[in-house]
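A.B. asks:
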Amino acid sequence: MREDQTSIREANLIDTLKIETLLRQTQLSADDILADGTRYWLAEKADGSPIGVVGLELGHGATLLRSVAVSPSFQGQGWGMHLVQWALDAATRAGYQYAYLFSTQAGTYWQRLKFQKVPVSELVAALPEAPQVKRYELLGWLPTEVAWRRDLK
1 MREDQTSIRE ANLIDTLKIE TLLRQTQLSA DDILADGTRY WLAEKADGSP
51 IGVVGLELGH GATLLRSVAV SPSFQGQGWG MHLVQWALDA ATRAGYQYAY
101 LFSTQAGTYW QRLKFQKVPV SELVAALPEA PQVKRYELLG WLPTEVAWRR
151 DLK
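Residues in the sequence shown are numbered from 1 upward in steps of one, following UniProt numbering.
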């Protein structure tokens, strides 16, 4: 990871196509990205080409980490972990107490980052208005999901 030729900045609506492309490359959903009540960050090379993305859906006291994606050509270089820490640091500075996420396949990765498996019902109770929670409810996916929490305090 060469940070001297890269930057991380908060994303805006102009970045929608970049984010959607990164998410498609990593087979993640682009539904509700940059919706009201969310924040996203992009890691980019000096020429503006995207390296990775991370997002937060903001609640009251808790936030939902989502859309952690790194371009295939940059995977394995620590960018995913760097972006996750960037978002968690922002959540901590903003006063959030807990970060949650859904992950059915990467539990070992999230455990290394100090996330603990919790009941999906806990996540839903903490973030009932989060776009991803509402979408998963609508699609009937909540019973098949796995929820994770990290204390930020």
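Where is the CB? At the ideal position from N, CA and C, for every residue including glycine.
For residue 151, which residues does DSSP report across the bridge?
C.D. replies: DSSP output for residue 151 lists 98 as bridge partner(s).
A.B. asks: In this structure, how does DSSP classify residue 132 when only helix, strand and coil are distinguished?
C.D. replies: helix
A.B. asks: Hey, quick one: how far does the alpha helix (DSSP H) through residue 64 stretch, first residue to last?
C.D. replies: Element bounds for residue 64: not the alpha helix (DSSP H) but the beta strand (DSSP E), 62-70.
A.B. asks: Leaving aside the five residues before and after residue 121 along the sequence, list all residues of the same chain whose C-beta is less than 6 Å from its C-beta, in chain order.
C.D. replies: none
A.B. asks: Starting from the C-beta of residue 148, find all residues in its chain whose C-beta is less than 7 Å away, skip the five residues before and the five after it, and write them out in chain order.
C.D. replies: 100, 101, 103, 110, 115, 116, 117 and 118
A.B. asks: Report the option in 43, 31 and 127 whose CA atom is closest to the CA atom of residue 86.
C.D. replies: 43
A.B. asks: Taking the Cβ atom as the reference point for each residue, do residue 91 and residue 56 lie within a distance shorter than 8 Å?
C.D. replies: yes
A.B. asks: Please list the segments of the alpha helix (DSSP H) lying wholly inside the stretch 75-127, counting only runs of 4 or more residues, in order along the chain.
C.D. replies: With a minimum length of 4 residues, the continuous alpha helix (DSSP H) runs that stay inside the stretch 75-127 are 79-93, 107-112 and 120-126.
A.B. asks: Go ahead and pull the three-state DSSP assignment for residue 26.
C.D. replies: coil
A.B. asks: How would you call residue 15, buried or exposed, if buried means at least 16 neighbouring beta carbons within 10 angstroms?
C.D. replies: buried
A.B. asks: Measuring straight from C-alpha to C-alpha, what distance separates residue 12 and residue 34?
C.D. replies: 7 Å
A.B. asks: Beta-carbon within less than 6 Å of residue 70's beta-carbon, same chain only, minus the 5 sequence neighbours each way: which residues are those?
C.D. replies: 52, 79 and 80
A.B. asks: State the start and end residues of the unbroken beta strand (DSSP E) segment that holds residue 13.
C.D. replies: Run containing residue 13: none; DSSP gives neither H nor E here.
A.B. asks: For residue 57, which residues does DSSP report across the bridge?
C.D. replies: 38 and 64
A.B. asks: Count the other C-beta atoms from every protein chain shown that fall within 10 angstroms of the C-beta of residue 46, then say buried if there are 16 or more, exposed otherwise.
C.D. replies: Residue 46 comes out exposed.
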